[in-house]
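Here's the structure, in structure tokens; my notes come after.
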């Protein structure tokens with residue numbers, strides 16, 4: 012009985028930390044995106060997703076803007092992502108150097124702050140990871156993983172897809188295809204080895 016009590020206490024503490032972490036992001040989201048104006052909130056999330064795809068070693072990045080407000084970023088990376096808690100965890104901690112507004116998660120010895128940040132600031136998030144003949148999926152909302160699953164896929168593929176809906180409780184701004192295209196043109200000019208697409212059309 013004593014052992015169970017300790018376990019429950021630990022779980023309660025972790026849950027409290029999780030809630031505090033998500034609230035801290037949502038209440039002070041501008042500190043995570045320097046010099047970002049409120050109307051640029053959804054573009055900051057998009058840039059974060061694109062940046063992560065680039066760091067994952069992607070050579071193709073496709074961005075799609077849905078009529079329902081969802082933004083989809085799909086790449087052909089080979090990043091290890093079969094454990095969604097590493098990419099989408101709703102737990103975080105402060106930077107050891109004394110910067111309380113830096114979200115950190117560890118994945119294979121490297122810091123991966125992007126996906127948990129998008130997760131915390133999105134009303135709904137869907138992630139799909141395909142590697143070889145395995146596929147994993149997860150659905151999240153406002154920093155919480157609602158469900159996740161993995162299964163065999165007969166096709167041999169690779170890539171990570173993140174589809175997210177910026178939370179209107181944070182900032183209700185309609186995303187512009189023209190602004191997204193400008194972002195992608197800038198990425199194409201800077202990362203000449205990566206092919207960028209917007210709604211199926213190549214950029215750059």
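In my numbering, the protein residues as written are 12 to 215. Note that CB positions come from ideal geometry on N, CA and C, so glycine has one too.
Checklist line | 8 Å CB neighbourhood of residue 152 in its chain, flanking five on each side removed | finding: For residue 152, same chain residues with a beta-carbon under 8 Å away, outside a window of 5 residues either side, are 133, 134, 135 and 136 in chain order.
Next item on the list: Put residue 184 into one of helix, strand or coil per three-state DSSP.
Entry: Residue state for residue 184 is assigned as coil, using DSSP reduced to three classes.
Check: Would you say residue 184 and residue 74 are within 8 Å of each other, going by their C-beta atoms?
Finding: Not in contact: residue 184 and residue 74 (Cβ atoms no closer than 8 Å).
Item checked: Outcome for residue 201 when other beta-carbon atoms lying within 10 angstroms are tallied against a minimum of 16 -> Exposed is the call here.
Item checked: residue 38 (DSSP reduced to helix, strand or coil) -> Assignment of residue 38 by DSSP, reduced to helix, strand and coil, places it in the helix class.
Next item on the list: Under 7 Å Cβ to Cβ from residue 181, same chain only, skipping five residues before and after it: list those, please.
Entry: Short of 7 Å from the beta carbon of residue 181, and not among the five residues preceding or following it, lie these beta carbons of its own chain, in chain order: 37, 40, 52 and 132.
Check: Exposed or buried, what is residue 165 when buried is set at 16 or more other beta-carbons lying within 10 Å of its beta-carbon?
Finding: In summary, residue 165 is exposed, with fewer than 16 beta-carbon neighbours lying within 10 Å of its beta-carbon over all protein chains present.
Notebook entry, point to check: Can you tell which of 154, 168 and 158 has the C-alpha that lies nearest to the C-alpha of residue 32?
Noted result: Nearest of 154, 168 and 158 to residue 32, Cα basis: 154.
Checklist line | DSSP state of residue 79 mapped onto helix, strand, coil | finding: Here residue 79 sits in coil by DSSP.
Checklist line | Sequence-distant residues of its chain with Cβ nearer than 7 Å to residue 141 (five each side left out) | finding: Correct list, in chain order: 164, 168, 169 and 170.
Note to self: Excluding the 5 residues flanking residue 47 on each side, which residues of the same chain have their C-beta closer than 7 Å to its C-beta?
What the structure shows: Only 41 and 55 meet the Cβ criterion.
Next item on the list: Over the uninterrupted alpha helix (DSSP H) stretch that includes residue 140, give me the two end residues.
Entry: Residue 140 -> not in any alpha helix (DSSP H); beta strand (DSSP E) instead, spanning 133 to 152.
Margin query: For residue 205 and residue 35, what's the separation of their Cα atoms in angstroms?
Written below: Each residue's Cα considered, the two are about 34 Å apart.
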